[in-house]
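J.: Numbering (the working numbering), first residue to last: 6 to 271.
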Amino acid sequence: MFDSDSWGGEEEEPRVSEVWEAIEAVISRAELRAALVLVNENVLPADAADPEDWRSELIGRYSTVSGLLKLLPKVISFGANAEGAPVLAAMRRLPGVLAYRGRLPAPLIPARLIEAAVVTGPWKRLVFGHPAFEDGGAVNRHAYTFCLLEQFHRHLKRREIYAEASTKWLTPQARLLDGETWEAVRPDVLTALGLPEDPQALLAGHARALDATYREVGDRLEANAEVRIDDAGKIHLTGVKANRGAAVADRPAQPHHGDAAAGGPS
């Protein structure tokens, strides 16, 4: 688009058809429309409200949860599977984070005190968006507390973190029979469910069926021009995006950031 300024004579504007021809040599019009739709869906106009405002407001309620969180890991015994273990470890360290007193202005604390890996998504800006200090960096303790609490609640609902003494929040695996109790009822259970004594043959059959299905789907994707698989293995439905982009292009232009990227409405 910038190169087109030098096309033509001193008083001659480049033709739109020439510009589109140059653009389509790099990217198709369908892909460009799909990108425009994606930008307009994810990038808000300059005068739009900040979608992270609720997080900023939540941080102001720090005092309502800090007392509870200082006691929670100490009075309730929690367990976790591999997915929930990092968050549970961070939660167990949280009382020390909440009790820290230092020279940094509140609510900042040294970054070395927290588990940075559990901070994801929009919380990163609120937790880490602060200038560096002498001790190697500072983070917002209030934002980190609510970020960790949100993660903990999510894993608790999935039973990736569980309360070992609870009947509601117990891990489902704890309800499975084991040892002599399982051996006593095993024949009746297998008969009722129609399952074999040795599961290996059954699992091998499911594995073959799954592999065959994957291969069949893969063969169809290679022949489908509207589907593209990138280097990371993600599937992109370019045809669907293009149709949505065409619908957007037919409507009056909206003041979205993507219009500038696409060179204006077509």
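Quick reminder that beta carbons are idealized off the backbone N, C-alpha and C, glycines included.
Give every residue of the same chain whose Cβ lies closer than 7 Å to the Cβ of A148, excluding the five residues on either side of it in the sequence, and list them in chain order.
T.: I64, W128, L131, V132
J.: Short check: CB of V70 to CB of A95, under 7 Å?
T.: no
J.: Out of P204, P91, A170, which one is the CA nearest neighbour of S82?
T.: A170
J.: Where DSSP assigns a beta bridge to V5, which residues make up the other side?
T.: Residue numbering for the chain in the displayed model covers 6 to 271; residue 5 lies beyond these limits and cannot be assessed.
J.: Could you name the residues of the same chain whose beta carbon sits closer than 6 Å to that of Y167, not counting the 5 residues immediately before and after it, in chain order?
T.: G84, W174, L175, T176
J.: State the DSSP-derived secondary structure class of Y149, mapped to helix, strand or coil.
T.: Annotated three-state conformation of Y149 is helix, per DSSP.
J.: I'd like the list of long-range same chain contacts for A247, defined as Cβ closer than 7 Å, with 5 residues on each side in sequence excluded.
T.: Note on A247: pLDDT 43, under 50, position unreliable in the model; no value is reported.
J.: Quick check on DSSP: helix, strand or coil for A143?
T.: strand
J.: By Cβ distance, which residues of its chain are closer than 8 Å to L226, with the 5 residues on each side in sequence left out?
T.: The beta carbon of L226 is closer than 8 Å to those of V232, I234, I240 in its chain, skipping five residues each way along the sequence.
J.: In this structure, what does DSSP give as the bridge partners for F83?
T.: A168
J.: Thinking C-alpha only, which one of L182, L109, W187, G238 is nearest R146?
T.: L109
J.: Is the separation between the beta-carbon of H160 and that of V92 shorter than 7 Å?
T.: yes
J.: Quick one: give me the first and last residue of the alpha helix (DSSP H) that L113 is part of.
T.: Element bounds for L113: not the alpha helix (DSSP H) but the beta strand (DSSP E), 113 to 115.
J.: Is it buried or exposed, V222, if we count other Cβ atoms within 10 angstroms and call 16 or more buried?
T.: exposed
J.: Determine, using beta carbons only, whether E26 comes closer than 7 Å to chain C.
T.: Absent here is chain C; the protein component of the structure consists of one chain.
J.: In three-state DSSP terms, what is W128?
T.: helix
J.: Which residue's Cα is closest to the Cα of Q178: E188, E185, E165, T186?
T.: E165
J.: Which first and last residues belong to the alpha helix (DSSP H) in which I32 is found?
T.: Note, I32: premise wrong, no alpha helix (DSSP H); not H, not E.
J.: Look at the alpha carbon of L103 and the alpha carbon of C152, and state the distance between them as a whole number of angstroms.
T.: Computed Cα separation, rounded: 14 Å.
J.: For R220, which residues of its own chain have a beta-carbon under 8 Å away from its beta-carbon, when the five flanking residues on both sides are left out?
T.: None.
J.: Skipping 5 residues on each side, what residues in its chain have a beta carbon closer than 7 Å to that of L242?
T.: E231, V232
J.: Rounded to the nearest angstrom, what separates D224 and D236 at their Cα positions?
T.: 17 Å
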